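>
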Amino acid sequence: MKKSRRDFLKIAGVTGMTTGLAAIGIFGNQTVRAESSTPIGSTPAHGLHAGHAAGVKAPQSQAPHVIDPTSFLTNFEQGKFVTLENGESVREFNLVSYPSLIEVASGVKFPAWTLNGTVPGPTLRCIEGETVRIRFRNGDAHPHTIHLHGIHPARMDGVFETVEPGQEYVYEFTAQPFGVFPYHCHIMPLTKHISKGLYGTLIVDPKTARQAAREMVMLMNGFDVDFDGENEFYTVNGIANYYTDYPIQIKVNEPVRVYLVNMTEFDKINSLHLHANMFWYYPNGTILTPTEYTDTVMLCQGQRGILEFSYKYPGRYLFHAHQSEFAELGWTGIIEVSE
92 MKKSRRDFLK
102 IAGVTGMTTG
112 LAAIGIFGNQ
122 TVRAESSTPI
132 GSTPAHGLHA
142 GHAAGVKAPQ
152 SQAPHVIDPT
162 SFLTNFEQGK
172 FVTLENGESV
182 REFNLVSYPS
192 LIEVASGVKF
202 PAWTLNGTVP
212 GPTLRCIEGE
222 TVRIRFRNGD
232 AHPHTIHLHG
242 IHPARMDGVF
252 ETVEPGQEYV
262 YEFTAQPFGV
272 FPYHCHIMPL
282 TKHISKGLYG
292 TLIVDPKTAR
302 QAAREMVMLM
312 NGFDVDFDGE
322 NEFYTVNGIA
332 NYYTDYPIQI
342 KVNEPVRVYL
352 VNMTEFDKIN
362 SLHLHANMFW
372 YYPNGTILTP
382 TEYTDTVMLC
392 QGQRGILEFS
402 YKYPGRYLFH
412 AHQSEFAELG
422 WTGIIEVSE
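So the sequence shown is residues 92 to 430, counted in this note's numbering.
1) Does the Cβ of Cys391 have 16 or more other Cβ atoms within 10 Å, making it buried, or fewer, making it exposed?
2) Return helix, strand or coil for Tyr372, following the three-state DSSP convention.
3) When the distance is taken between beta carbons, is Thr209 closer than 8 angstroms to Thr236?
4) May I have the straight-line CA-CA distance separating His277 from Val250, to the nearest angstrom?
5) Leu281 to Val343, Cα distance in whole Å?
6) Can you tell me where the alpha helix (DSSP H) holding Phe264 begins and where it ends?
7) Would Ser191 and Ala203 qualify as a contact pair, given that the criterion is a beta-carbon distance under 8 angstroms?
8) With distance defined between alpha-carbon atoms, name the residue in Phe410, Gly393 and Gln394 nearest to Thr387.
9) How close, in whole Å, do the beta carbons of Glu323 and Leu420 come, if the pair is a contact with beta carbons under 8 angstroms?
10) Expressed to the nearest angstrom, what Euclidean distance is found between the alpha-carbon atoms of Phe118 and Ala154?
11) Please list, in chain order, all residues of the same chain as Glu183 whose beta carbon is under 6 angstroms from its beta carbon, the five residues on each side excluded.
12) Grouping DSSP H, G and I as helix and E and B as strand, with all else coil, what is Met279?
13) Going by CA-CA distance only, name the one from Asn353, Met311, Ile330 and Asn185 that's closest to Ser201.
14) Where do the N-terminal and C-terminal ends of the beta strand (DSSP E) with Ala303 fall, by residue?
15) Thr222 and Glu168 - do their beta-carbons sit closer together than 8 angstroms?
16) Just the C-alpha distance for Phe357 and Glu321, rounded to the nearest angstrom, thanks.
17) Determine, using beta carbons only, whether Ala412 and Tyr325 come nearer to each other than 8 angstroms.
18) Go through the region 386 to 420 residue by residue and report every complete run of the alpha helix (DSSP H) that reaches 4 residues or more, in order.
19) What alpha helix (DSSP H) runs, 4 residues minimum, are completely inside the region 160 to 199?
20) Assign Lys287 to buried or exposed, taking buried as 16 or more other Cβ atoms, counted over all protein chains shown, within 10 Å of its Cβ.
21) Short of 6 angstroms in beta carbon distance, which residues of its chain neighbour Ile218, apart from the five on each side in sequence? Order them along the chain.
22) My output table needs one value for Ser152: the three-state DSSP class, helix, strand or coil.
23) Among the residues of its own chain, which have a CB less than 7 angstroms from the CB of Gly264, if the five just before and after it don't count?
24) Starting from the Cα of Met389, find the closest Cα among Gly212, Gly230 and Asn353 and give me that residue.
25) Please report the straight-line C-alpha distance between Tyr334 and Glu176, rounded to a whole angstrom.
26) Spell out the partners DSSP gives Glu427 in its beta bridges.
27) Leaving out the 5 sequence neighbours to the left and right, which residues in its chain are closer than 6 angstroms to Phe400 when beta-carbon positions are compared?
28) Would you list the residues sitting across from Gly270 in a DSSP beta bridge?
29) Mind checking whether Ala149 and Ala196 have CB atoms under 8 angstroms apart?
30) For Met311, which three-state DSSP category applies?
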């Protein structure tokens with residue numbers, strides 16, 4: 092009989108396996124106990140909660156010498172400008188795919204297919220109407236592409252132009268429309284290429300800049316660490332429980348803008364719920380007037396939007412998936428608001 096993801100976590104805890112998930116010591120000799128009364132977002136005094144062992148922190152980064160999720164939140168790759176012979180200016184980015192063993196929870200290693208070394212890949216940013224060039228080099232042993240959501244010619248869509256190992260392909264297009272867009276590999280089987288980590292975010296700013304705010308990107312995903320077609324961990328920006336152990340710091344009344352993208356594989360929907368607050372929601376970021384004032388948004392894979400909010404009162408506030416299982420398996424964080 093096929094075991095569920097919860098069964099897998101329980102077995103890992105009971106047997107204390109020394110490979111894969113249980114190599115970690117994160118599970119020790121404990122099991123995930125549904126009856127636990129430990130508050131979500133806290134480190135339990137004993138036993139486990141949210142796949143998190145007492146006293147065990149999330150890793151600070153997925154691998155040595157790569158960007159950590161705190162920095163990733165506000166790291167927007169601007170590329171570099173290249174002037175062509177005709178005087179036209181092109182904003183150029185470089186993406187390289189290659190395999191890497193990354194840490195997605197404390198001690199849990201995952202053999203990812205990365206873009207520039209991390210899952211998710213870098214957040215690319217440009218302005219509507221600019222000519223954008225993305226040089227993609229495939230450093231993996233498998234064929235890949237880069238498919239960008241948005242408007243562009245067919246040969247720039249990253250579907251039929253397979254990039255074989257060791258090869259390079261140049262995507263060039265006019266950035267349109269403004270908004271927030273995912274990019275990802277589009278080689279079959281899609282479930283494998285996406286679940287292994289080949290995706291990221293493209294932000295196209297409107298020609299007239301949005302109002303100033305503390306901006307951050309949050310990409311929701313999952314990791315199938317035992318390759319059974321179900322995720323054992325859920326994260327924002329690549330490491331389970333990261334923002335619980337390393338809370339996001341903001342100020343009272345500071346305007347915050349979150350570019351939210353869902354690239355979770357195997358599950359039909361993911362979500363974000365903000366505690367003790369409400370946000371204005373702009374679906375796809377392609378409009379300048381919000382459509383909703385809410386505290387929860389649900390997205391299927393590939394959907395995205397912009398959230399804008401500020402906190403009136405200092406304190407520690409949770410944000411998490413409102414699929415309870417996702418929250419318990421790593422998709423939980425804390426925002427610390429100070430005067």
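Backbone N, C-alpha and C define an ideal beta-carbon position, used for all residues, glycine too.
Quick caveat: nothing in here was measured; it's all calculated off a predicted structure.
According to the structure data:
1) In the sequence shown, residue 391 corresponds to position 300, counting from 1. It is exposed - the Cβ of Cys391 has fewer than 16 other Cβ atoms within 10 Å.
2) The residue labelled residue 372 in the question sits at position 281 within the sequence shown. Of the three classes helix, strand and coil, the one that applies to Tyr372 here is strand, per DSSP.
3) Along the sequence shown, read from residue 1 onward, the residue named residue 236 stands at position 145. Along the sequence shown, read from residue 1 onward, the residue named residue 209 stands at position 118. No; because the gap between Cβ atoms is not below 8 angstroms, this pair is not in contact.
4) What you label residue 277 is simply residue 186 of the sequence shown in a count that begins at 1. What you label residue 250 is simply residue 159 of the sequence shown in a count that begins at 1. Their backbone Cα atoms lie some 6 angstroms apart in a straight line.
5) Here the question's residue 281 lines up with position 190 in the sequence shown. Here the question's residue 343 lines up with position 252 in the sequence shown. The alpha-carbon atoms of Leu281 and Val343 are separated by roughly 42 angstroms.
6) Position 173 of the sequence shown holds residue 264. That residue, Phe264, is in no alpha helix (DSSP H); its beta strand (DSSP E) goes Glu259 to Thr265.
7) The residue given as residue 191 occupies position 100 in the sequence shown. The residue given as residue 203 occupies position 112 in the sequence shown. Closer than 8 angstroms, so yes.
8) The residue you call residue 387 lines up with position 296 of the sequence shown. Among Phe410, Gly393 and Gln394, the Cα nearest to that of Thr387 belongs to Phe410.
9) As a first step, residue 323 must be located in the sequence shown, where it is residue number 232. As a first step, residue 420 must be located in the sequence shown, where it is residue number 329. Indeed they touch by this definition, with Cβ atoms about 7 angstroms apart.
10) What you label residue 118 is simply residue 27 of the sequence shown in a count that begins at 1. What you label residue 154 is simply residue 63 of the sequence shown in a count that begins at 1. Annotation note: pLDDT 36 at Phe118 (below 50); position unreliable, coordinate value reported separately. Cα to Cα, Phe118 sits roughly 21 angstroms from Ala154.
11) Mapped onto the sequence shown, residue 183 falls at position 92. Taken in chain order, the residues that qualify are Gly170, Lys171, Val173 and Arg224.
12) One-based indexing of the sequence shown puts residue 279 at position 188. Looking at Met279 - three-state DSSP - the assignment turns out to be coil, as it is neither helix nor strand.
13) Counting from 1 along the sequence shown, the entry for residue 201 is found at position 110. Rather than Ser, the amino acid found at residue 201 in this sequence is Phe. Of Asn353, Met311, Ile330 and Asn185, the residue nearest in Cα terms is Ile330.
14) For the purposes of this step, residue 303 is identified with residue 212 of the sequence shown, where counting begins at 1. Neither: Ala303 is in no beta strand (DSSP E) and is coded neither H nor E.
15) Looking up residue 168 in the sequence shown gives position 77. Looking up residue 222 in the sequence shown gives position 131. Contact flag unset, no.
16) The residue labelled residue 357 in the question sits at position 266 within the sequence shown. The residue labelled residue 321 in the question sits at position 230 within the sequence shown. Cα to Cα, Phe357 sits roughly 6 angstroms from Glu321.
17) For the purposes of this step, residue 412 is identified with residue 321 of the sequence shown, where counting begins at 1. For the purposes of this step, residue 325 is identified with residue 234 of the sequence shown, where counting begins at 1. Yes, Cβ-Cβ distance for Ala412 and Tyr325 is below 8 angstroms.
18) 415 to 419
19) 160 to 164
20) Numbered from its first residue, the sequence shown carries residue 287 at position 196. Answer is buried; the Cβ neighbour count reaches 16.
21) For the purposes of this step, residue 218 is taken as the residue at position 127 of the sequence shown. Around Ile218: Asp296.
22) For this step, residue 152 is matched to residue 61 along the sequence shown. Coil at Ser152, not helix or strand.
23) As a position in the sequence shown, residue 264 is number 173, starting the count at 1. Note that residue 264 is Phe in the sequence shown here, rather than Gly. Correct list, in chain order: Val223, His243, Pro244 and Met247.
24) Along the sequence shown, one-based indexing puts residue 389 at 298. Out of Gly212, Gly230 and Asn353, Asn353 has the C-alpha closest to the C-alpha of Met389.
25) Mapped onto the sequence shown, residue 334 falls at position 243. Mapped onto the sequence shown, residue 176 falls at position 85. Distance between the alpha carbons of Tyr334 and Glu176 is about 46 angstroms.
26) The residue given as residue 427 occupies position 336 in the sequence shown. Partner(s): Gln340 and Arg407.
27) Taking the sequence shown and counting its residues from 1, one reaches residue 400 at position 309. Counting only Cβ-Cβ distances below 6 angstroms, and skipping sequence neighbours, we find Val347, Asn368 and Phe370.
28) For the purposes of this step, residue 270 is identified with residue 179 of the sequence shown, where counting begins at 1. Bridge partners of Gly270: Val295.
29) In the sequence shown, the residue the question calls residue 149 occupies position 58. In the sequence shown, the residue the question calls residue 196 occupies position 105. In this structure, Ala196 lies closer than 8 angstroms to Ala149 by Cβ.
30) Here residue 311 is taken as the residue at index 220 of the sequence shown, counted from 1. Looking at Met311 - three-state DSSP - the assignment turns out to be strand.
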